[in-house]
Amino acid sequence: MASSSFAIHARHHWTFQLVLLGSRLRLEGCCDSAEPDGEPLHCSTWLEPLDAPRDVANALIEHPSCCV
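The sequence shown begins at 39 in the working numbering and counts up by one.
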């Protein structure tokens with residue numbers, strides 16, 4: 039398993055990580071909680087070979103989900 043992290047400007051509460059699992063690439067996002075004692079939001083999605091990670095990250099922000 040290999041990984042690489044990045045952030046998107048103007049989305050300062052989100053961090054992202056690209057994770058290579060075998061032959062598949064997963065994008066994982068984490069958002070700080072809006073409440074002081076709240077849990078952070080973790081979500082993820084699979085990337086297709088031609089997907090741009092930043093475009094997929096923006097879509098994940100708009101529609102949080104989790105891949106299995």
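For each residue, glycine too, the CB sits at the ideal point set by N, CA and C.
Apart from sequence neighbours up to five positions away, the residues of its chain that approach P78 with a beta-carbon distance below 7 angstroms are C68, C69, D70 and S71, ordered along the chain. Sequence-distant partners of S103 (beyond 5 residues in either direction) whose C-beta falls short of 8 angstroms from its own C-beta, in its chain, are C81, S82 and T83. By the C-beta density criterion, A95 is buried, having at least 16 other C-beta atoms within 10 angstroms. Using a Cβ distance threshold of 9 angstroms, F44 and L58 do not count as a contacting pair.
In the structure shown, A97 adopts helical secondary structure according to DSSP, grouped into three states.
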